[in-house]
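Data block below; observations after.
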Amino acid sequence: LEPATEYMARVRCADASHFWKWSEWSGQNFTTLEAAPSEAPDVWRIVSLEPGNHTVTLFWKPLSKLHANGKILFYNVVVENLDKPSSSELHSIPAPANSTKLILDRCSYQICVIANNSVGASPASVIVISADPENSVSTCFSGTVPSVWGEGDFSHGSGHFCPGDSSTYMGNYLKFIQVTATLTNSHH
7 LEPATEYMAR
17 VRCADASHFW
27 KWSEWSGQNF
37 TTLEAAPSEA
47 PDVWRIVSLE
57 PGNHTVTLFW
67 KPLSKLHANG
77 KILFYNVVVE
87 NLDKPSSSEL
97 HSIPAPANST
107 KLILDRCSYQ
117 ICVIANNSVG
127 ASPASVIVIS
137 ADPENSVSTC
147 FSGTVPSVWG
157 EGDFSHGSGH
167 FCPGDSSTYM
177 GNYLKFIQVT
187 ATLTNSHH
(Lines of atoms letter the chains of each structure in order from A and count residues from 1; the text may use other names and numbers.)
(Lines give C-alpha, C1' and ligand atoms only; values in the text may rest on other atoms or scores of the structure.)
Protein backbone atom coordinates (compact mmCIF):
# COMPACT_ATOMS: atom_id res chain seq x y z
CA LEU A 1 0.00 0.00 0.00
CA GLU A 2 1.14 3.55 -0.73
CA PRO A 3 1.50 6.14 2.07
CA ALA A 4 -1.23 8.78 2.53
CA THR A 5 -3.54 7.01 0.10
CA GLU A 6 -7.25 6.27 0.49
CA TYR A 7 -8.32 2.68 -0.09
CA MET A 8 -11.58 0.75 0.06
CA ALA A 9 -11.61 -2.88 1.20
CA ARG A 10 -14.62 -5.10 0.51
CA VAL A 11 -15.23 -8.58 1.93
CA ARG A 12 -17.95 -11.18 2.06
CA CYS A 13 -18.08 -14.61 3.64
CA ALA A 14 -19.28 -18.04 2.58
CA ASP A 15 -20.76 -20.75 4.77
CA ALA A 16 -18.20 -23.56 5.12
CA SER A 17 -20.80 -26.31 4.83
CA HIS A 18 -22.78 -24.57 2.06
CA PHE A 19 -20.08 -22.72 0.10
CA TRP A 20 -22.66 -21.35 -2.37
CA LYS A 21 -24.28 -19.29 0.40
CA TRP A 22 -22.52 -15.95 0.52
CA SER A 23 -23.08 -13.01 2.81
CA GLU A 24 -23.68 -9.47 1.54
CA TRP A 25 -20.62 -7.39 0.69
CA SER A 26 -19.33 -5.16 3.45
CA GLY A 27 -16.93 -2.32 2.75
CA GLN A 28 -14.55 -0.16 4.72
CA ASN A 29 -12.72 2.96 3.55
CA PHE A 30 -9.37 3.76 5.14
CA THR A 31 -6.37 6.00 4.54
CA THR A 32 -2.81 4.85 5.09
CA LEU A 33 -0.50 6.92 7.27
CA GLU A 34 1.84 9.52 5.81
CA ALA A 35 5.53 8.71 5.28
CA ALA A 36 8.46 11.08 4.83
CA PRO A 37 8.76 12.48 1.29
CA SER A 38 10.74 10.07 -0.87
CA GLU A 39 12.28 12.40 -3.43
CA ALA A 40 14.15 15.70 -3.36
CA PRO A 41 12.31 18.64 -4.93
CA ASP A 42 13.41 19.77 -8.39
CA VAL A 43 15.08 23.16 -7.87
CA TRP A 44 15.86 26.00 -10.29
CA ARG A 45 17.79 29.14 -9.49
CA ILE A 46 18.65 32.53 -10.95
CA VAL A 47 21.72 34.40 -9.69
CA SER A 48 21.89 38.16 -10.24
CA LEU A 49 25.21 39.85 -9.63
CA GLU A 50 25.09 43.16 -7.80
CA PRO A 51 27.86 45.24 -6.24
CA GLY A 52 29.17 43.24 -3.29
CA ASN A 53 26.60 40.44 -3.37
CA HIS A 54 24.60 37.81 -5.23
CA THR A 55 20.83 37.84 -5.32
CA VAL A 56 19.76 34.21 -5.59
CA THR A 57 16.16 33.45 -6.48
CA LEU A 58 15.23 29.81 -5.88
CA PHE A 59 12.22 28.07 -7.41
CA TRP A 60 11.11 24.52 -6.72
CA LYS A 61 8.52 22.22 -8.20
CA PRO A 62 6.05 20.77 -5.68
CA LEU A 63 6.52 17.04 -5.21
CA SER A 64 4.03 14.75 -6.90
CA LYS A 65 1.52 12.94 -4.68
CA LEU A 66 3.53 9.76 -5.23
CA HIS A 67 6.72 11.34 -3.81
CA ALA A 68 5.21 13.75 -1.24
CA ASN A 69 3.75 10.80 0.73
CA GLY A 70 1.38 13.22 2.47
CA LYS A 71 0.71 16.95 2.65
CA ILE A 72 3.86 19.08 2.33
CA LEU A 73 3.72 21.62 5.16
CA PHE A 74 6.90 23.64 4.57
CA TYR A 75 10.26 23.75 2.82
CA ASN A 76 13.54 24.24 4.64
CA VAL A 77 16.15 26.21 2.74
CA VAL A 78 19.56 25.78 4.39
CA VAL A 79 22.25 28.23 3.27
CA GLU A 80 25.82 27.33 4.21
CA ASN A 81 28.72 29.69 3.57
CA LEU A 82 31.48 27.40 2.24
CA ASP A 83 34.16 30.02 2.95
CA LYS A 84 33.04 30.11 6.60
CA PRO A 85 31.75 26.55 7.24
CA SER A 86 30.44 27.31 10.73
CA SER A 87 28.11 29.91 9.24
CA SER A 88 24.73 28.63 8.05
CA GLU A 89 21.16 29.94 7.97
CA LEU A 90 17.83 28.12 7.99
CA HIS A 91 14.84 29.63 6.18
CA SER A 92 11.51 27.85 6.67
CA ILE A 93 9.09 28.57 3.80
CA PRO A 94 5.44 27.55 4.38
CA ALA A 95 3.79 25.51 1.63
CA PRO A 96 2.36 26.07 -0.92
CA ALA A 97 5.04 28.73 -1.61
CA ASN A 98 7.54 27.49 -4.18
CA SER A 99 10.20 30.20 -4.28
CA THR A 100 12.37 32.44 -2.15
CA LYS A 101 14.95 35.17 -2.70
CA LEU A 102 18.30 35.28 -0.87
CA ILE A 103 20.80 38.14 -0.71
CA LEU A 104 24.28 36.64 -0.24
CA ASP A 105 27.73 38.18 -0.08
CA ARG A 106 30.36 37.20 -2.66
CA CYS A 107 31.37 33.93 -1.00
CA SER A 108 30.80 30.36 -2.13
CA TYR A 109 27.58 28.80 -0.83
CA GLN A 110 25.87 25.47 -0.65
CA ILE A 111 22.08 25.76 -0.61
CA CYS A 112 19.83 22.82 0.27
CA VAL A 113 16.07 22.71 -0.34
CA ILE A 114 14.14 20.10 1.67
CA ALA A 115 10.39 19.35 1.58
CA ASN A 116 8.75 18.49 4.93
CA ASN A 117 5.46 16.82 5.82
CA SER A 118 4.10 15.77 9.23
CA VAL A 119 6.31 12.66 9.32
CA GLY A 120 9.69 13.87 8.12
CA ALA A 121 11.91 15.43 5.50
CA SER A 122 12.74 14.64 1.89
CA PRO A 123 16.26 14.11 0.61
CA ALA A 124 17.90 17.48 -0.08
CA SER A 125 18.29 19.18 -3.43
CA VAL A 126 21.68 20.86 -3.30
CA ILE A 127 22.98 23.85 -5.26
CA VAL A 128 26.55 25.10 -5.00
CA ILE A 129 27.16 28.73 -5.92
CA SER A 130 30.69 29.93 -6.60
CA ALA A 131 32.08 33.11 -5.06
CA ASP A 132 32.65 34.31 -8.63
CA PRO A 133 29.89 32.82 -10.80
CA GLU A 134 31.03 34.89 -13.81
CA ASN A 135 34.03 32.58 -14.25
CA SER A 136 32.69 29.25 -13.08
CA VAL A 137 30.26 26.49 -13.69
CA SER A 138 27.82 25.82 -10.86
CA THR A 139 26.94 22.36 -9.62
CA CYS A 140 23.39 21.23 -8.95
CA PHE A 141 22.14 17.91 -7.79
CA SER A 142 19.23 16.20 -6.10
CA GLY A 143 20.24 13.55 -3.63
CA THR A 144 23.47 12.04 -4.95
CA VAL A 145 23.21 12.60 -8.72
CA PRO A 146 25.12 15.73 -9.81
CA SER A 147 24.75 17.64 -13.06
CA VAL A 148 26.62 20.78 -14.10
CA TRP A 149 25.02 23.75 -15.80
CA GLY A 150 26.78 26.65 -17.49
CA GLU A 151 25.85 30.27 -17.97
CA GLY A 152 22.69 31.08 -19.85
CA ASP A 153 20.74 34.00 -21.16
CA PHE A 154 17.19 34.40 -19.90
CA SER A 155 14.44 36.61 -21.29
CA HIS A 156 15.15 39.37 -18.74
CA GLY A 157 18.93 39.46 -19.07
CA SER A 158 21.92 37.33 -18.20
CA GLY A 159 22.04 34.96 -15.31
CA HIS A 160 23.01 31.52 -14.15
CA PHE A 161 20.37 28.85 -14.07
CA CYS A 162 20.19 25.46 -12.49
CA PRO A 163 17.16 23.44 -13.52
CA GLY A 164 17.64 20.61 -11.04
CA ASP A 165 16.96 17.26 -12.68
CA SER A 166 15.12 18.60 -15.73
CA SER A 167 17.24 18.84 -18.84
CA THR A 168 14.36 20.26 -20.87
CA TYR A 169 13.06 23.11 -18.67
CA MET A 170 14.81 26.29 -20.12
CA GLY A 171 16.62 24.15 -22.69
CA ASN A 172 16.86 27.07 -25.14
CA TYR A 173 18.66 29.23 -22.58
CA LEU A 174 21.21 26.82 -21.15
CA LYS A 175 24.40 25.13 -22.14
CA PHE A 176 24.29 21.62 -20.66
CA ILE A 177 27.39 19.72 -19.65
CA GLN A 178 26.96 16.12 -18.46
CA VAL A 179 29.49 15.10 -15.82
CA THR A 180 30.16 12.14 -13.59
CA ALA A 181 30.07 12.25 -9.79
CA THR A 182 33.89 12.15 -9.66
CA LEU A 183 34.49 15.12 -11.98
CA THR A 184 35.60 18.14 -9.95
CA ASN A 185 36.33 20.72 -12.65
CA SER A 186 34.70 21.63 -15.93
CA HIS A 187 35.57 24.25 -18.52
CA HIS A 188 33.17 25.64 -21.10
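In the working numbering, each residue's number is its place in the sequence shown (first place is 1) plus 6.
We put the CB at the ideal spot given by N, CA and C, even for glycine.
Item                                                                                                    : Value
Own chain residues within Cβ distance below 8 Å of Lys-107, not counting five before or after           : Thr-61, Val-62, Thr-63 and Leu-64
7 Å CB neighbourhood of Glu-8 in its chain, flanking five on each side removed                          : Thr-38
Val-49 to Val-17 span [Cα, whole Å]                                                                     : 45 Å
Residue span of the beta strand (DSSP E) that contains Leu-96, given as start and end                   : 94–100
Alpha-carbon to alpha-carbon, Val-84 and Ile-120                                                        : 8 Å
Validate contact between the stretch 108–116 and the stretch 40–60 using beta carbons, cut 8 Å, 3 pairs : yes
Reduced DSSP secondary structure (H/G/I, E/B, other) of His-60                                          : strand
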